[in-house]
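In our numbering, the protein residues as written are 2 to 266. One structure below.
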Amino acid sequence: MACRVLGVGIAAPGLADWAAAQPILTGTTPYIAAPMPRLNPARLPANERRRASAAIRLALAVADEAAQAAGIDPAQTATVFTSSGGDIDVVHGICQALCEPAPALSPTAFHNSVHNAPAGYWSIATGATPPYTALSALDGSVAAGLIEACTQLLSEGGPILMVAYEVPMPLPLSTQRPAHEAFACALVLDRATATGTSRLELEYLDDLDQTRETTLENPALEILRRDNAAARVLPLLALLATDRPGQVTLPSNSEGWLRLRYTSC
């Protein structure tokens, strides 16, 4: 499968947006993991903005950045949202409430706990009517999102918006899925053309013994990549930032990998 990238959005400590991230990912600017500010997606109506959790705000912020960079109409664009844990803070709060002697469950918390909540908020914010998909595939969530988005491109046409996001899990969940920093990325993808544009080719590999996932030379960025399931996309973003031909390998599932080959125009 093949596609082309029309726009990128990113939010992470020290990577405030794509413009700030590009020189860091190419190694021309030092990476400093500055704390992330509170994100307030401008498209959301005031009432929904107050109800939106940190995970929802994170996902919508990068989706909006990528959509604006690509110059697409988000109201007419299908979306794929992918996350290993979803809005795990909300789920944790619900579990705590249910353990109380007199459980009292917040309707807003329950509303936000479903895995497709960020996609629903995006539809509210943009008035989008095309279909959306919400996925989860542990450390292979980014690869699953890319495969799903490209499959939809081939079958339905494009462009399509893919959003990968992850927030740290609280204790005791973090003992099983440790993550210390939030990370989100969005890509607007379209069908690859024959000539004149960059091209991203996807290939699934099942040679677990011979293939290894791509790592980053910058030690601090490599810590971020390993820390957060959504940050597994960083080698691809570094490749896009350099805008030079190359390939990276991302974890896909327990049986294989996703290799991505990039050709610049």
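Note that the Cβ used here is the ideal one computed from N, Cα and C, for glycine as well. What you are looking at is a predicted structure, and each value in this text was computed from that prediction instead of being measured.
Worksheet item: Taking just the CA atoms, how far does proline 108 sit from threonine 215?
Response: Residue 215 sits at position 214 when you count from the first residue of the sequence shown. Residue 108 sits at position 107 when you count from the first residue of the sequence shown. Distance between the alpha carbons of threonine 215 and proline 108 is about 42 angstroms.
Worksheet item: When you compare only the Cα positions, how much space is there between leucine 174 and cysteine 266?
Response: Start at 1 with the first residue of the sequence shown, and residue 174 comes out as number 173. Start at 1 with the first residue of the sequence shown, and residue 266 comes out as number 265. About 44 angstroms.
Worksheet item: Are the beta-carbon atoms belonging to threonine 264 and arginine 200 less than 8 angstroms from one another?
Response: Mapped onto the sequence shown, residue 264 falls at position 263. Mapped onto the sequence shown, residue 200 falls at position 199. Yes. Within cutoff.
Worksheet item: Starting from glycine 8 and walking both ways along the beta strand (DSSP E), at which residues does that stretch end?
Response: In the sequence shown, the residue the question calls residue 8 occupies position 7. Start and end: 3–12.
Worksheet item: Since tyrosine 122 is in the beta strand (DSSP E), which residue starts that stretch and which ends it?
Response: The residue labelled residue 122 in the question sits at position 121 within the sequence shown. Not the beta strand (DSSP E): tyrosine 122 falls in the alpha helix (DSSP H), residues 118–127.
Worksheet item: Which residues in the same chain as alanine 1 place their Cβ atom closer than 7 angstroms to its Cβ, once the five residues preceding and following it in sequence are excluded?
Response: Residue 1 falls outside the range modelled here, since the chain spans only 2 to 266, and no answer is possible.
Item to complete: Identify, in the order they occur along the chain, each residue of the same chain with its Cβ nearer than 8 angstroms to the Cβ of cysteine 151, setting aside the five sequence neighbours on each side.
Response: The residue given as residue 151 occupies position 150 in the sequence shown. Cβ within range, chain order: Met2, Ala3, Cys4, Leu190, Leu203.
Worksheet item: Rounded C-beta distance between alanine 62 and glycine 8? I'm assuming under 8 angstroms.
Response: Within the sequence shown, residue 62 is the residue found at index 61, counting from 1. Within the sequence shown, residue 8 is the residue found at index 7, counting from 1. Not quite, the Cβ-Cβ distance comes to about 14 angstroms (not below 8 angstroms), so this is no contact.
Practice prompt. Assuming alanine 56 and aspartate 18 form a contact by the criterion Cβ under 8 angstroms, report the distance between their Cβ atoms to the nearest whole angstrom.
Written response: Numbered from 1 along the sequence shown, position 55 holds the residue referred to as residue 56. Numbered from 1 along the sequence shown, position 17 holds the residue referred to as residue 18. That belief does not hold up - the Cβ atoms of alanine 56 and aspartate 18 are roughly 18 angstroms apart, past 8 angstroms.
Worksheet entry | leucine 59 versus alanine 21 - alpha carbon distance | As a first step, residue 59 must be located in the sequence shown, where it is residue number 58. As a first step, residue 21 must be located in the sequence shown, where it is residue number 20. Going from the Cα of leucine 59 to the Cα of alanine 21 covers about 17 angstroms.
Worksheet entry | Buried versus exposed call for phenylalanine 111 [16 or more other C-beta atoms within 10 Å across all chains shown] | The sequence position of residue 111 within the sequence shown is 110, counting from 1. With fewer than 16 other Cβ atoms within 10 Å, it is exposed.
Worksheet item: leucine 129 and proline 46 look like a contact to me (Cβ under 8 angstroms); what is the Cβ gap, rounded to whole Å?
Response: Translated into positions along the sequence shown, residue 129 becomes position 128. Translated into positions along the sequence shown, residue 46 becomes position 45. A small correction: the amino acid at residue 129 is alanine; leucine does not occupy that position in the sequence shown. Actually they are not in contact, since the Cβ atoms of alanine 129 and proline 46 sit about 14 angstroms apart, beyond 8 angstroms.
Discussion item. Let's see if you can read the secondary structure: which residues bound the alpha helix (DSSP H) around glycine 146?
Written reply: For this step, residue 146 is matched to residue 145 along the sequence shown. 142–157 is the extent of the alpha helix (DSSP H) around glycine 146.
Fill in: Proximal residues to asparagine 41 (C-beta, below 7 angstroms), its chain only, five neighbours per side dropped
Sequence index remark: in the sequence shown, residue 41 carries index 40 (1-based). Here the set comprises Arg50, Arg58.
Worksheet item: Taking Cβ to Cβ, would you say aspartate 207 is nearer than 8 angstroms to glutamate 149?
Response: As a working mapping, residue 207 is identified with position 206 in the sequence shown. As a working mapping, residue 149 is identified with position 148 in the sequence shown. No, these two residues do not count as a Cβ contact at 8 angstroms.
Item to complete: Name the residue from Asn219, Leu172, Gly15, Ile11 whose alpha carbon lies nearest to the alpha carbon of cysteine 96.
Response: For the purposes of this step, residue 96 is taken as the residue at position 95 of the sequence shown. Cα-wise, what sits closest to cysteine 96 is Leu172.
Worksheet item: Looking at the unbroken beta strand (DSSP E) that takes in glutamate 182, where does it start and where does it end?
Response: Mapped onto the sequence shown, residue 182 falls at position 181. Segment: none, glutamate 182 is in no beta strand (DSSP E) and carries neither H nor E.
Worksheet item: Buried or exposed: serine 156, going by 16 or more other Cβ atoms within 10 Å of its Cβ?
Response: In the sequence shown, the residue the question calls residue 156 occupies position 155. By the neighbour-count rule (16 or more Cβ atoms within 10 Å), serine 156 is not buried but exposed.
Worksheet item: Given that a residue counts as buried once 16 or more other Cβ atoms are within 10 Å of its Cβ, and exposed if not, what is glutamine 77?
Response: For this step, residue 77 is matched to residue 76 along the sequence shown. Its Cβ having fewer than 16 others within 10 Å, glutamine 77 is exposed.
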